[in-house]
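Undergrad: Using the numbering used here, you'd call the opening residue of the first sequence number 49 and step up by one each time.
C-beta atoms are modelled at their ideal positions from N, C-alpha and C, and glycine is treated no differently.
Every value quoted in this text rests on a predicted model; they were computed, and no experiment measured them.
Quick one: this structure, given as structure tokens, is what I'll be asking you about.
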Amino acid sequence: MTITNAEIAETFELMADLLELQGANPFRVRSYRNSARVIRDLPEPVADIVAQDPKRLLEIDGIGESVAAKCQTLVQTGKLPQLEELRAQVPEGLLALLRIPGLGPKKAAALHKELGIQSVADLEKACREGRVRQLKGFGEKTEKAILENLSLAQQAEQRIFWADADQIVQQLLKHLKQAPGVEQAEVAGSYRRGRETVGDLDVLVVSTQPSKVMDQFAKFADVGEVLARGDTKMSIRTKRGLQIDLRVVPAESFGAALQYFTGSKAHNIELRSRARQRGLKINEYGVYRGEERIAGRTEEEVYAALGLPWIPPELREARQEFQWADQGKLPELVRLEEIRGDLHMHTSDSDGSASLEEMAEAAVRRRLRYIAITDHSPRVSMAHGLDPRRLRKQWRLIDELNDRYEGKLKILKGVECDILEKGGMDLPDDVLAEADWVVASIHYGQRQSRQQITERMLQAIEHPSVRVIAHPTGRLINRREPYQVDLETVFREAAQHGKFLEINATPDRLDLNDVHAAAARQHGVLLVISTDAHSPEGLDAMRYGVLQARRAGLSAQDVLNTRPWHEFSRLVWGKSG
DNA sequence: GCCGTTTTCGGCCCGACTGTTTTCAGTCG
49 MTITNAEIAE TFELMADLLE LQGANPFRVR SYRNSARVIR DLPEPVADIV
99 AQDPKRLLEI DGIGESVAAK CQTLVQTGKL PQLEELRAQV PEGLLALLRI
149 PGLGPKKAAA LHKELGIQSV ADLEKACREG RVRQLKGFGE KTEKAILENL
199 SLAQQAEQRI FWADADQIVQ QLLKHLKQAP GVEQAEVAGS YRRGRETVGD
249 LDVLVVSTQP SKVMDQFAKF ADVGEVLARG DTKMSIRTKR GLQIDLRVVP
299 AESFGAALQY FTGSKAHNIE LRSRARQRGL KINEYGVYRG EERIAGRTEE
349 EVYAALGLPW IPPELREARQ EFQWADQGKL PELVRLEEIR GDLHMHTSDS
399 DGSASLEEMA EAAVRRRLRY IAITDHSPRV SMAHGLDPRR LRKQWRLIDE
449 LNDRYEGKLK ILKGVECDIL EKGGMDLPDD VLAEADWVVA SIHYGQRQSR
499 QQITERMLQA IEHPSVRVIA HPTGRLINRR EPYQVDLETV FREAAQHGKF
549 LEINATPDRL DLNDVHAAAA RQHGVLLVIS TDAHSPEGLD AMRYGVLQAR
599 RAGLSAQDVL NTRPWHEFSR LVWGKSG
């Protein structure tokens, strides 16, 4: 089994943790963390690069001789001697201590050195016996805080879905705006960057009366406890364990603060290093030349002061956004209003909850101009998959509806046809040939080898009636692990056969990332963002799909269903209809 | 450990808050 980029990244994260506990050079530690991040986001498996030409690793920003060599060792042997060595020196249980809020590498190391603590259990015992408070740099409060935070160690790193965070955000902003003197309130952080999950919330408020805002914040219905409160900054934890940080800033610093707290951390480090090169300093209050503030009121101002165009928050991950900005190639990210069609949805004929008419009506209300009805094929018996007879019956009804909606909505006669375990499609060719829009989908045999699954997908791509491949990246609802598929081959072949790849819009999983987007662009494949709705409300999930697409750096041009109907027809069938 | 419009050495983003201090280190974002 070849090692994945995620596994390599994890290895380097672990190296960083262990080195930090040993008190190693903090820049060396950061370097490992940086390598981990870069490798996690890499468009190509490190294993493939090593197999082709290991020297190419050195071309990647943030990876040097040492990490490149370690990558090679990891790919070839699956192990890393340097890591084993470090592990032998640092007790396993110490790593868990780092997960306790308030405990960092220095304190964890001191606990180990002075009190011989090797695990969370040891630490709890030492705290209860009052031994921790006697250590230099520790005190009664620290000891008490550790005991209180022990249970948090497990639930730390728990992130909530963006959609859930969004609900809290809307309530919180409404609540805060009721405080006197509030001019502006925004949520920054990973929420603003549109990450699929959010670990905490960073709220920014412009106000001349910070203490009034903080009082109001403390009265937010969800507040479980107040963690800290200073002059400009306050932190709380909600009853369900989500941390929310509040900063009150003056109007002239709002842009700088918004930029700073939106992050990402890696993006900000790059930005600051650029400021430094220009003899400028940037912090959450503004951009400074010496003592003089030269920007800060808006984000646009801040970026402009550094010679950069405004970079959309969804792109701020220190991937390629600076390179794009330098070359004037920042994408114009796709917007929800640009989506004109939804090409994957179910009705009560299979496992949907609403009738065909209800779905069509819902689409019209959402200003869609065309949709495809794509119920399941017979193999998905659990969902009452449609056989040819029922399918044709549904299609006759669609013909009628199309007459009724003439000029308002175009309904495509579609089907989500399974790609069978042993290859081939789940419906006869003559039936598929009658459909306007065939989505090919793998639901069964997901545990097959990468090669087998790729082969099945290729067959579907080559099938003359198939238009689009659903979940090409292998991510499906109810499956934690994606199935394995050779993306490179699938993208290339799809492009060659004029087929499309579908990205599902759901609030709780990520089908698409910048890696897939880059592959799509490279091969010239158009992507389809679909909701896979099973109810009228399901159509609203389109906003999550668009958010994913934006994070991946896609513009309207990269997405098939932003096209007006005549252009869509030409791209799909080679003629305008 | 990485990197170079200060290029093979000497730097590496910056500030708030807390607790333990009596001027600051550690942690966090």
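1) Within its chain, find whatever has a CB closer than 7 Å to the CB of Glu68; leave out the 5 residues flanking it on each side and keep chain order.
2) Below 8 Å between beta carbons: does that hold for Leu183 and Leu171?
3) Within its chain, find whatever has a CB closer than 7 Å to the CB of Ala236; leave out the 5 residues flanking it on each side and keep chain order.
4) Could you give the residue range of the beta strand (DSSP E) that holds Val573?
5) Which of helix, strand or coil does DSSP assign to Gly601?
6) Can you name, in chain order, every residue of its own chain whose Cβ lies under 8 Å from the Cβ of Arg341, other than the five neighbours on each side?
7) Since Val627 is in the alpha helix (DSSP H), which residue starts that stretch and which ends it?
8) With DSSP as the reference, identify every bridge partner of Cys465, one or two as the case may be.
9) Does Gln494 come out as helix, strand or coil in the three-state DSSP assignment?
10) Straight-line CA distance for Glu380 to Arg523?
11) Excluding five sequence neighbours on each side, which residues of the same chain lie with their C-beta closer than 6 Å to the C-beta of Ser167?
12) Check this for me: beta carbons of Ala211 and Pro555, under 8 Å apart or not?
13) Per DSSP, what kind of secondary structure is Arg241 in: helix, strand or coil?
14) Where Glu162 and Val180 are concerned, what is the direct C-alpha to C-alpha distance, given to the nearest angstrom?
15) Whose CA, out of Ala567, Arg452, Asp270, Leu221, lies closest to the CA of Ala543?
16) Between which residues of its own chain and Gly625 is the CB-CB distance below 7 Å, once the five residues before and five after are set aside?
17) By DSSP, does Asn450 sit in helix, in strand, or in coil?
18) How do the stretch 228-246 and the stretch 190-201 stand: do at least 3 beta-carbon pairs fall below 8 Å, yes or no?
19) Which of helix, strand or coil does DSSP assign to Gly625?
20) In angstroms with no decimal places, state the Cα-to-Cα distance between Phe302 and Glu132.
21) What residues match up with Gln291 in a beta bridge as DSSP calls it?
22) Compute the beta-carbon to beta-carbon distance between Ile51 and Leu122, rounded to the nearest angstrom, for a pair I have assumed lies under 8 Å.
23) In three-state terms, what does DSSP make of Arg337?
24) Out of Ser429, Glu273, Ile194, state which residue places its alpha-carbon closest to the alpha-carbon of Arg176.
25) Which residue's Cα is closest to the Cα of Asp293: Ile317, Asp248, Asn331?
26) Assuming Val230 and Val261 form a contact by the criterion Cβ under 8 Å, report the distance between their Cβ atoms to the nearest whole angstrom.
27) On the three-pair Cβ rule with 8 Å, is the stretch 397-405 touching the stretch 426-446?
28) Is Glu332 helix, strand or coil by DSSP?
29) If the criterion is Cβ atoms closer than 8 Å, does the pair Asp390 and Leu587 meet it?
30) Express the C-alpha separation of Tyr492 and Thr502 in angstroms, rounding to a whole number.
31) What three-state label does DSSP hand Gln232 in the structure shown?
32) Give the DSSP bridge partners of Ile111, in chain order.
33) To the nearest whole angstrom, what separates the beta carbons of Ser283 and Leu290, a pair I think is in contact under 8 Å?
34) Based on Cα-Cα distance, which residue from Ala213, Asp89, Leu62 lies nearest to Gln368?
35) How big is the Cα-Cα spacing for Glu188 and Gln130?
36) Using the DSSP secondary-structure output, state which residues sit across from Ile387 in a beta bridge.
TA: Reading it off the structure:
1) Excluding residues within five positions, the ones whose Cβ falls inside 7 Å are Val77, Pro153.
2) no
3) When the five nearest sequence neighbours on each side are left out, the beta carbons in the same chain lying within less than 7 Å of the beta carbon of Ala236 are those of Asp250, Leu252, Leu306, Phe309, Thr310, in order along the chain.
4) Neither: Val573 is in no beta strand (DSSP E) and is coded neither H nor E.
5) coil
6) Glu300, Tyr333, Gly334, Val335
7) Lying before the first or after the last residue shown, residue 627 is absent from the chain, which here runs from 49 to 625.
8) Ala488
9) coil
10) 27 Å
11) Gly141
12) yes
13) helix
14) 9 Å
15) Ala567
16) Only weak support exists for where Gly625 lies, its pLDDT of 47 falling under 50; the value from the coordinates is given anyway. Closer than 7 Å at Cβ, skipping near neighbours: Ser617.
17) helix
18) Remark: fewer than three beta-carbon pairs, one from each stretch, lie closer than 8 Å, so the stretch 228-246 and the stretch 190-201 are not flagged as touching.
19) Low local confidence applies: a pLDDT of 47 at Gly625 is under 50, so the model's placement there is unreliable, and no value is given.
20) 47 Å
21) Asp248, Arg285
22) 6 Å
23) Reduced to three states, the DSSP call for Arg337 is strand.
24) Ile194
25) Asp248
26) 6 Å
27) yes
28) coil
29) Cβ atoms of Asp390 and Leu587: closer than 8 Å.
30) 14 Å
31) strand
32) Residue pairing by DSSP places Ile111 opposite no residue, since no beta bridge is assigned to it.
33) Not really, about 11 Å apart at Cβ, beyond 8 Å.
34) That would be Asp89, whose Cα lies nearest to the Cα of Gln368.
35) Here the alpha carbon of Glu188 sits roughly 38 Å from the alpha carbon of Gln130.
36) According to DSSP, which records beta bridges pairwise, Ile387 is partnered with nothing at all.
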